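Visitor:
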Amino acid sequence: MAEGQRVYTLEELRNQRIGTLQHIIVGLPTGPRGGPFPPVALPAGLDWDTYVGQAPYMDYNGKNCHWDFRWWYRFSGGQMTDWGAHHNDIAQWGNGSELSGPTEIEGRSLADMIPGGYDAAAEYEIKGKYANGVTLTISDGVRAENGVKFIGSDGWVFVTRGRINASNKDLLEEKLPANALRLYLSTDHMGNFFDCVRSRKDPICPVEVGHRSISVAHLGVIAVRTGWKLQWDPQQEEFVGDNAREANLWISREMRKPYDYSYLG
């Protein structure tokens with residue numbers, strides 16, 4: 538799907554072409570379930586201690602390095618933080634909350650992981666809510682199509698890589714009026730980045746927007762791992778309400794020495 542089509546679809550949402558936005562469904566790929574993986578000999582040339590870095594130490598097992606690092610919570614967050622970074626960006630932009638985030642979040646793992654194997658949830662369901670009343674569901678590929686579906690009072694629009702769909706196909710062809718809200722358009726993200734380095738203007742996805750997109754993914758991981766229904770303050774970027782004190786401990790973790798901030802000094 539051309540980037541122009543994606544932006545036009547989000548412009549339709551922001552101009553209420555499907556009525557009042559009510560619910561967003563983010564579909565992410567299902568993660569792998571594998572293991573157990575016993576320790577194995579290190580490959581020649583791999584400095585494993587440095588690779589593990591500030592994360593809690595674990596032995597090398599051949600399935601916790603390179604591509605597969607993402608299936609371990611000590612290194613990543615599974616598909617929630619992998620594909621989630623991309624699709625949550627579109628969900629937030631369509632909702633007009635790209636500089637904010639949900640105010641409520643809860644989640645659960647829906648498949649038991651194999652002891653001694655990958656521990657990032659492979660199947661999951663996250664429920665969230667924004668201050669504007671829009672609700673959010675993030676699910677794995679068993680339960681939701683890979684992409685983002687926006688459901689409004691007058692219809693729905695679905696967006697994914699290479700394809701868009703809508704309850705009313707005319708929405709995909711009709712032009713917006715001249716006075717409609719318009720969004721930032723970039724058809725070449727690398728070129729957009731270099732152009733903005735030269736001009737000092739913000740790119741289509743400035744740092745704050747990227748931070749907010751991945752924050753939704755991290756909130757989902759915390760909700761799944763704790764099993765708590767949590768309240769989030771997007772302005773202060775901290776949990777509030779029930780279980781807030783315990784939940785805020787999950788925002789950061791102690792860094793394994795010597796790979797803490799002093800390692801950079």
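Each residue of the sequence shown is one higher than the one before, counting from 538 in this note's numbering. For glycine and all other residues, C-beta sits at the position ideal for the given N, C-alpha and C. All values reported here derive from a predicted model rather than from experimental measurement.
Could you tell me which of 594, 740 and 683 sits nearest to residue 724, measuring between CA atoms?
Guide: Looking up residue 724 in the sequence shown gives position 187. Comparing Cα-Cα distances from residue 724 to each of 594, 740 and 683, the minimum goes to 740.
Visitor: What's the gap between the Cα of residue 800 and the Cα of residue 551?
Guide: Within the sequence shown, residue 800 is the residue found at index 263, counting from 1. Within the sequence shown, residue 551 is the residue found at index 14, counting from 1. When rounded, the distance between both Cα atoms is 45 Å.
Visitor: Counting along the chain, where does the beta strand (DSSP E) carrying residue 775 start and finish?
Guide: Here residue 775 corresponds to residue number 238 of the sequence shown, with the count starting at 1. Its beta strand (DSSP E) spans residues 775 to 777.
Visitor: If distances are taken between C-alpha atoms only, which option among 575, 566 and 581 comes closest to residue 657?
Guide: The sequence position of residue 657 within the sequence shown is 120, counting from 1. Nearest neighbour of residue 657 by Cα position, chosen from 575, 566 and 581, turns out to be 566.
Visitor: Near residue 558, what residues of its chain come up, given a Cβ to Cβ distance below 7 Å and the 5 sequence neighbours on each side ignored?
Guide: The count along the sequence shown starts at 1 and reaches residue 558 at position 21. For residue 558, where only same-chain residues beyond five positions count, the Cβ hits under 7 Å are 550, 632, 671, 687 and 689.
Visitor: Work out the CA separation of residue 603 and residue 592 for me, nearest whole Å.
Guide: By one-based count along the sequence shown, residue 592 stands at place 55. By one-based count along the sequence shown, residue 603 stands at place 66. If you take the alpha carbons of residue 592 and residue 603, they lie about 15 Å apart.
Visitor: Let's see if you can read the secondary structure: which residues bound the beta strand (DSSP E) around residue 692?
Guide: Here residue 692 refers to the residue found at position 155 when the sequence shown is read from its first residue. Note, residue 692: beta strand (DSSP E), 692 to 697.
Visitor: Rounding to the nearest angstrom, what Cα-Cα distance links residue 750 and residue 625 in this structure?
Guide: Numbered from its first residue, the sequence shown carries residue 750 at position 213. Numbered from its first residue, the sequence shown carries residue 625 at position 88. Residue 750 and residue 625: Cα-Cα distance of roughly 5 Å.
Visitor: Measure the alpha-carbon distance for residue 717 versus residue 553 and round it to whole angstroms.
Guide: Mapped onto the sequence shown, residue 717 falls at position 180. Mapped onto the sequence shown, residue 553 falls at position 16. Going from the Cα of residue 717 to the Cα of residue 553 covers about 10 Å.
Visitor: Could you have a look at residue 794 and say whether DSSP puts it in helix, strand or coil?
Guide: Counting from one through the sequence shown, the residue named residue 794 turns up at place 257. Of the three classes helix, strand and coil, the one that applies to residue 794 here is coil, per DSSP.
Visitor: As a quick exercise: from 548, 641, 607 and 787, pick the residue whose alpha carbon is nearest that of residue 778.
Guide: On the sequence shown, residue 778 is found 241 positions in, with the first residue counted as 1. Of the listed residues, the one whose Cα sits closest to residue 778 is 641.
Visitor: Below 8 Å on the Cβ atoms is my guess for residue 575 versus residue 598; work out the distance and round it to an integer in Å.
Guide: As a first step, residue 575 must be located in the sequence shown, where it is residue number 38. As a first step, residue 598 must be located in the sequence shown, where it is residue number 61. Residue 575 to residue 598, Cβ: 6 Å. Contact.
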